[in-house]
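Just below is one structure, and these are the notes that go with it.
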Amino acid sequence: MLISRIKPLNLIRYLSFAVANLLIIGCSSFPGTSQKTLPTATLHSAQTSSANNYNYLIGPGDQLNIFVWRNPEVSGSFSVRPDGKITTSLVEDIDASGLTPAQLARKIEQQLGVFLKDPVVTVTVNRFVGPYSEQVRVIGEAAQPRAINYAKFMTLLDVMIAVGGLTEYADGNDAVLIRIVDGSQKEYPLAISDLIQSGDIKANVDILPGDVIVIPESWF
């Protein structure tokens with residue numbers, strides 16, 4: 003059996019990594035249960051598919067500054083709620099997540115037009131989080147596995163710097179990049195060890211919003 007060949011000290015790490023992969027794929031049922039299933043995770047495509055046309059999209063947790071010209075009483079700072087909406091001084095429950103600041107400004111202008119004559123709105127972002135669909139996630143044997151806010155023209159090297167590189171147990175050259183393309187999951191091989199340990203710049207690749215990087219452990 004494969005497990006019998008694994009070093010005892012690595013067995014717990016092996017099982018933990020296997021569980022993490024199951025959580026990504028989504029589990030449909032538990033053994034021994036009847037008529038009880040868990041919903042399968044839905045694969046969401048990132049809303050930005052190319053770095054060349056990337057525009058920052060507002061997401062839950064963003065802090066927005068909304069300025070209404072000549073109407074300081076309805077201007078102010080507002081947080082995007084976990085449901086992706088904001089509530090302003092005059093208008094409740096405005097969908098903000100997934101919009102650019104300019105798109106949100108036009109939307110607010112339309113709704114404020116009920117109360118104000120020809121409102122002019124400017125939206126700026128003071129704290130950047132972005133929608134979950136655009137965050138880059140690194141799991142497995144990174145020094146600091148986490149989700150990272152995407153930045154235009156981000157590369158694999160930028161991501162690895164952000165997560166502190168690899169652990170001593172990592173098998174960086176067997177890492178994979180998971181990307182959702184037209185609703186389907188695609189996997190691409192990565193050579194992270196060559197990139198950050200050997201300085202092979204050819205191993206550096208472009209990262210797109212919504213990418214997931216899985217770094218396995220070296221078992222032997």
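So that you can map any letter, position 69 of the sequence shown is 71 in my numbering, and since no number is skipped, the others follow by simple counting. The beta carbon of each residue, even a glycine, is placed where N, CA and C say it ideally should be.
Of the listed residues the options, nearest to residue i (C-alpha basis)
i, options, result
"S186", "A177, L192, A172, G212", "G212"
"A193", "L179, D184, L106", "L179"
"N73", "T89, M156, P121", "P121"
"G174", "W221, V138, D184, N128", "W221"
"V76", "P62, E94, G86, P84", "E94"
"V127", "A107, G115, K188", "A107"
"K188", "I215, F155, K109", "I215"
Residue(s) in a DSSP beta bridge with residue i
i, result
"D208", "T157"
"N67", "S79, T126"
"R181", "K188"
"E219", "A172"
"I141", "V216"
Neighbour-count burial assignment, residue i, 16 or more Cβ in a 10 Å radius
i, result
"P133", "buried"
"D64", "buried"
"I217", "buried"
"Y190", "exposed"
"E136", "buried"
"A98", "buried"
"A20", "Because A20 carries a pLDDT of 49, less than 50, the predicted location of this residue cannot be relied on, and the following value inherits that uncertainty. A20 should be labelled exposed."
Contact check, residue i vs residue j, beta carbons under 8 Å
i, j, result
"L168", "A149", "no"
"L159", "R181", "no"
"P123", "V138", "A quick correction: the sequence has Val, not Pro, at residue 123. Against a cut-off of 8 Å, the Cβ pair of V138 and V123 comes out as no contact."
"L101", "I60", "yes"
"I68", "T50", "no"
"P62", "V131", "yes"
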